[in-house]
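Report on the following structure.
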Amino acid sequence: MSPRPNVLFVMTDQQRFDTIAALGNTDLATPNIDRLVARGTTFTSAYSSSPVCVPARYTLRSGCEPTRTGVYDNTVPDGGHAAIRECCGPYLAEAMGHRGYRTWGVGKFHTAPWDAPVGYEVQRHSEEFYASPEQRAGDAYASWIAAEHPEYDWIEALMGERTDMYYMPQLSPLPADCTVESWATREAIGLMADDDDRPWFGVVSYIGPHPPFAPPLPYNRMYDPDRMPDPVCGARDIDHLDQHIPWMNHLVYAEDVDPHRARTLKARYYGEISYIDGCIGDLLDAVERRPDADNTVICFFADHGDLLGDHHGWQKESFFEASARVPFLISWPGRIAAGDRRSELVCLTDLFGLATSAAGQPELRQGSDLLGLLTGTAQPRETLFGYHGRPGTRRFKAMVRQGRLKLIWLANGGHRLLFDLAADPHEIEPVQAERPGDADRLTAVLAEHLRAEGVTEAFDGDVLRTFPYAEWPLTRIHQFDQSRGVTGFGADR
-14 MSPRPNVLFV MTDQQRFDTI AALGNTDLAT PNIDRLVARG TTFTSAYSSS PVCVPARYTL
46 RSGCEPTRTG VYDNTVPDGG HAAIRECCGP YLAEAMGHRG YRTWGVGKFH TAPWDAPVGY
106 EVQRHSEEFY ASPEQRAGDA YASWIAAEHP EYDWIEALMG ERTDMYYMPQ LSPLPADCTV
166 ESWATREAIG LMADDDDRPW FGVVSYIGPH PPFAPPLPYN RMYDPDRMPD PVCGARDIDH
226 LDQHIPWMNH LVYAEDVDPH RARTLKARYY GEISYIDGCI GDLLDAVERR PDADNTVICF
286 FADHGDLLGD HHGWQKESFF EASARVPFLI SWPGRIAAGD RRSELVCLTD LFGLATSAAG
346 QPELRQGSDL LGLLTGTAQP RETLFGYHGR PGTRRFKAMV RQGRLKLIWL ANGGHRLLFD
406 LAADPHEIEP VQAERPGDAD RLTAVLAEHL RAEGVTEAFD GDVLRTFPYA EWPLTRIHQF
466 DQSRGVTGFG ADR
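Numbering (the working numbering), first residue to last: -14 to 478.
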């Protein structure tokens, strides 16, 4: 019997599903992600079931959906981190440790509080910005900059400027070998090589290509904006039925992005991805130098995508494909088919079961059996659900994916958008008016699932709770370096 495999999870932040050259995007170069495509199987219908940073990561580490974790947006209720573990069971790294694995994690974890333990033997955080001097000093990457490259420690925003510059094309303030992605790669390679007889479970969680789009030289000029495709939009009144989109646009100063700026942002976004692709190449080289390379499971995925101007929107937290659908590659030489494409519905929640199944003690929780699906011993899921915004509030919305159909249900106004993704992959022409029976059927499926999960606050009597349609009040978010005492605009702040 073969020894248990190593398991390596590689996650990017805010990378769209359609940003891999080997899967059809000829506008950018991703030779190392292409290596992963060739090494294993690609799931082409993979989703983040709550497409924003914090809930996506809690589904991954808990193996449970927002209906179980209670995390429907980037806010975790007081005590929620411990309560989630109490409700769902040990987090994934701890569960792998119980199965005899050496565990380590490097990068962005986005827990609340920021340094909450999630079960790794070695955990090296690199978060996006710092709320206090203590947090900056405790951040593994920021402290590395301070110790090893003090010439750059004066920089407030190590990953690029946010606030009003969130969706402005930028250049990294650091050289390529000092960025957080380069640091995380080196840390992971070192941890991978530790002398230990146990198999290892490792997670590398890159911060990019999350905005700001600030690739280092020379990746900032790798792509010509004039050769970038324009955003794909439907009618604005349809795209913005989800009020979260115009609200978020204004929040991050992206409410009036012109076509040239949109193309330039895409060029810098692609530059970020190509730079991270090079880092992933270093990871793959390190795996392939090992004698157990063929007995190493590698999963590559993102926490969610980015609208990137599609549907008149920027950021995520939407159930349009550009935001909710993610790259999802799994390889295990000799056990999983190489170069294969699969169309079954999968999501980040399934990765808990994949890791524990590879370890020989499957625990699926709310996920599906990916390893069984890949080896022909398990059936695919028929329906996939997604949730965002707290149930029982105007901001609650849901997705139902089934067959070729997708329903987006909005508590704000009780609106529904139904798309036939086979006929309309860019989601330009909703068909709920022409196919009311399908919209009603999927709405009933949604209600049944919420009722089974005990999400009573989503209901008003026997029907899903809706609210009179309202436009959300617009506001801005300031994300300066609070560790340096900067809280807003002005030289003295």
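Built from N, CA and C at the ideal position, the CB exists for glycine as well.
| Asked | Found |
| --- | --- |
| Find the nearest neighbour of residue 82 within the set 194, 345, 231, 432, judged by alpha-carbon distance. | 345 |
| Taking contact to mean at least 3 C-beta pairs separated by less than 8 Å, is the stretch 141 to 158 in contact with the stretch 458 to 471? | yes |
| Cβ atoms of residue 300 and residue 288: under 8 Å apart, would you say? | no |
| Considering just the uninterrupted stretch of the beta strand (DSSP E) at residue 280, what are its terminal residues? | Counting along the chain, residue 280 falls outside any beta strand (DSSP E), and DSSP gives it neither H nor E. |
| With DSSP run on the structure shown, which of helix, strand or coil describes residue 15? | coil |
| Which residues mark the beginning and the end of the alpha helix (DSSP H) in which residue 251 is found? | 244 to 273 |
| So what does DSSP say about residue 479, is it helix, strand or coil? | The structure shown does not extend to residue 479, since the chain is modelled only from -14 to 478, so the question has no answer here. |
| So, for residue 129: in the same chain, excluding its five sequence neighbours on each side, which residues have a beta-carbon less than 7 Å away from its beta-carbon? | 168 |
| Is it right to say residue 51 is buried, meaning 16 or more other beta carbons lie within 10 angstroms of its own, or is it exposed? | buried |
| Can you tell me the Cβ-Cβ gap for residue 351 and residue 48, rounded? I've got them flagged as a contact below 8 Å. | 6 Å |
| What residue from 87, 98, 246 has the CA that sits closest to residue 178's CA? | 87 |
| With residue 329 as the anchor, note down where its beta strand (DSSP E) starts and where it stops. | 325 to 332 |
| Residue 234: which of 0, 6, 459, 2 sits nearest, CA to CA? | 459 |
| Under a Cβ-count criterion, where at least 16 other Cβ atoms within 10 Å of its own Cβ denotes burial, should residue 469 be classed as buried or exposed? | exposed |
| Does residue 110 pass the burial test, meaning 16 or more other C-beta atoms within 10 Å, or should it be called exposed? | buried |
| Have a look at the DSSP bridge pairing and note the partners of residue 490. | For the chain, the structure presents residues -14 to 478; residue 490 sits outside this window and is missing. |
| From residue 19 to residue 474, what distance separates their C-alpha atoms? | 43 Å |
| Could you tell me which uninterrupted beta strand (DSSP E) segments, each at least 3 residues in length, are contained entirely in the stretch 90 to 129, listed from first to last along the chain? | 107 to 110 |
| Count the CB pairs spanning the stretch 86 to 105 and the stretch 436 to 445 that are closer than 8 Å, and state whether there are at least three. | no |
| Decide if residue 38 is buried, meaning its Cβ has at least 16 other Cβ atoms within 10 Å, or exposed. | buried |
| Looking at residue 191 and residue 283, is the spacing between their C-beta atoms short of 8 Å? | no |
| Anyone know if the C-beta pair for residue 329 and residue 35 falls short of 8 Å? | no |
| If you reduce the DSSP assignment to three classes, tell me which class residue 377 lands in. | coil |
| Under three-state DSSP, which class holds residue 234? | helix |
| What span of residues does the beta strand (DSSP E) with residue -6 cover, start to end? | -9 to -3 |
| Would you call the CB atoms of residue 418 and residue 389 closer than 8 Å? | no |
| For the pair the stretch 422 to 434 and the stretch 307 to 323, tell me if three or more CB-CB distances fall below 8 Å. | no |
| Is residue 39 helix, strand or coil by DSSP? | helix |
| How would you write the range of the alpha helix (DSSP H) that residue 471 sits in, first residue to last? | Segment: none, residue 471 is in no alpha helix (DSSP H) and carries neither H nor E. |
| Please classify residue 338 as buried or exposed, where buried requires at least 16 neighbouring CB atoms within 10 angstroms. | buried |
| Would you report the Cα separation of residue 278 and residue 269, rounded to the nearest angstrom? | 9 Å |
| DSSP three-state call for residue 206: helix, strand or coil? | helix |
| Could you tell me if residue 324 is buried or exposed, where buried requires 16 or more neighbouring beta carbons within 10 angstroms of its beta carbon? | exposed |
| Roughly how far, in whole angstroms, is the beta-carbon of residue 335 from the beta-carbon of residue 308, given that I think they are within contact range, below 8 Å? | Contact flag wrong, Cβ pair sits at about 19 Å. |
| Pull the bridge partners of residue 444 from the DSSP assignment, please. | 449 |
| For the alpha helix (DSSP H) that contains residue 335, what are its first and last residues? | 335 to 343 |
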